[in-house]
Structures are given as C-alpha cells and as structure tokens.
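Asker:
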Amino acid sequence: MPEYVERSYHEALVNALAHRDYLVNGSEVHIDIYDDRMEIYSPGGMPDGSMI
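Residue numbering for the sequence shown follows the numbering used here, starting at 62 and increasing by one per position.
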C-alpha cells in the first residue's frame, strides 16, 4: 500500500466534506482505496451549473 503524507489525504477529505453539495438528498462522499491510489468522490458541481 502506498504511503500517503497525512496532510495530503487530510486536506483532500476536508475539502470533499466542506465543499460538497448538501442540497443533493441521499448523496455522500465516497473514499475508495486501491493498491496504487486513493479516490475521493464528492457529489456536486460548478456553482453556475457549467460542466467541468
């Protein structure tokens, strides 16, 4: 398992929780840990509705 600097995954998790769209009912932040990476998915989008 890769070694992650604690500050980096702490920052990513805090950002995912703080900036998610709480108006989307039933949505949740997902954290997936694989052998070679960690993926954090936070629901929501751009404030003006545009696509990334």
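Backbone N, C-alpha and C fix where the C-beta goes; we use that ideal spot for every residue, glycine too.
Cα separation between Met107 and Asp82?
Answerer: Between Met107 and Asp82, the C-alpha separation is close to 10 Å.
Asker: What is the rounded straight-line gap between the Cα of Glu89 and the Cα of Ala77?
Answerer: So the two alpha carbons sit approximately 10 Å from each other.
Asker: For the beta strand (DSSP E) that Tyr102 lies in, which residues bound it at each end?
Answerer: Its beta strand (DSSP E) spans residues 99-102.
Asker: By the DSSP assignment, the beta strand (DSSP E) with His71 in it spans what residues?
Answerer: Here His71 belongs to no beta strand (DSSP E); instead the alpha helix (DSSP H) covers 67-79.
Asker: Return the residue from the list Glu67, Ala79, Pro104 that minimises the CA-CA distance to His91.
Answerer: Checking every option, the nearest Cα to that of His91 belongs to Pro104.
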